[in-house]
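Here's the structure we're looking at; comments come further down.
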Amino acid sequence: MQGFIVRDPAPRPSNWRSRRKLDDELADQGIVGISDIDTRALTRHVRDRGVMRVGISTETLNPEELLAKVVAQP
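So for the sequence shown, this note's numbering puts the first residue at 1; every next one is plus one.
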């Protein structure tokens, strides 16, 4: 599984070669995205504590169900 994390996504494509919005591309590839995250703090956290499993979901799950899905990933 994959996820896309960004602090402030561009509201529209900014490269002249872009043909579609980021939201559309992520949806077509089945990638969940989350924004308004302090990515610098997240980077420091991962550097201090090492690689860890994380769950981002668009489904309404209770925490135990989401944790079970995260733990089940290779």
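For every residue, glycine included, the Cβ atom is placed at its ideal position computed from N, Cα and C.
Note that this is a predicted model, so its numbers are computed, not measured.
(1) Apart from the five residues on each side of it in sequence, which residues of its chain come closer than 6 Å, Cβ to Cβ, to Val70?
(2) Determine the DSSP secondary structure at Val32, reduced to helix, strand or coil.
(3) Which residue marks the beginning of the beta strand (DSSP E) containing Gly3, and which one marks its end?
(4) Report the rounded CA-to-CA distance for Arg140 versus Asp38, giving the unit in angstroms.
(5) Just to confirm before moving on: does the CB-CB distance between Gln2 and Ile34 stay below 8 Å?
Reading off the structure:
(1) Stepping through the sequence shown from its first residue, residue 70 is reached at position 70. Excluding sequence neighbours, Val70 sits near Arg53, Gly55.
(2) Start at 1 with the first residue of the sequence shown, and residue 32 comes out as number 32. Three-state DSSP puts Val32 in a strand.
(3) Along the sequence shown, read from residue 1 onward, the residue named residue 3 stands at position 3. Counting along the chain, the beta strand (DSSP E) containing Gly3 begins and ends at 3-5.
(4) The question about residue 140 has no answer, for the chain in this structure spans 1 to 74.
(5) Here residue 2 refers to the residue found at position 2 when the sequence shown is read from its first residue. Here residue 34 refers to the residue found at position 34 when the sequence shown is read from its first residue. Taking 8 Å as the Cβ cut-off, Gln2 and Ile34 do not qualify as a contacting pair.
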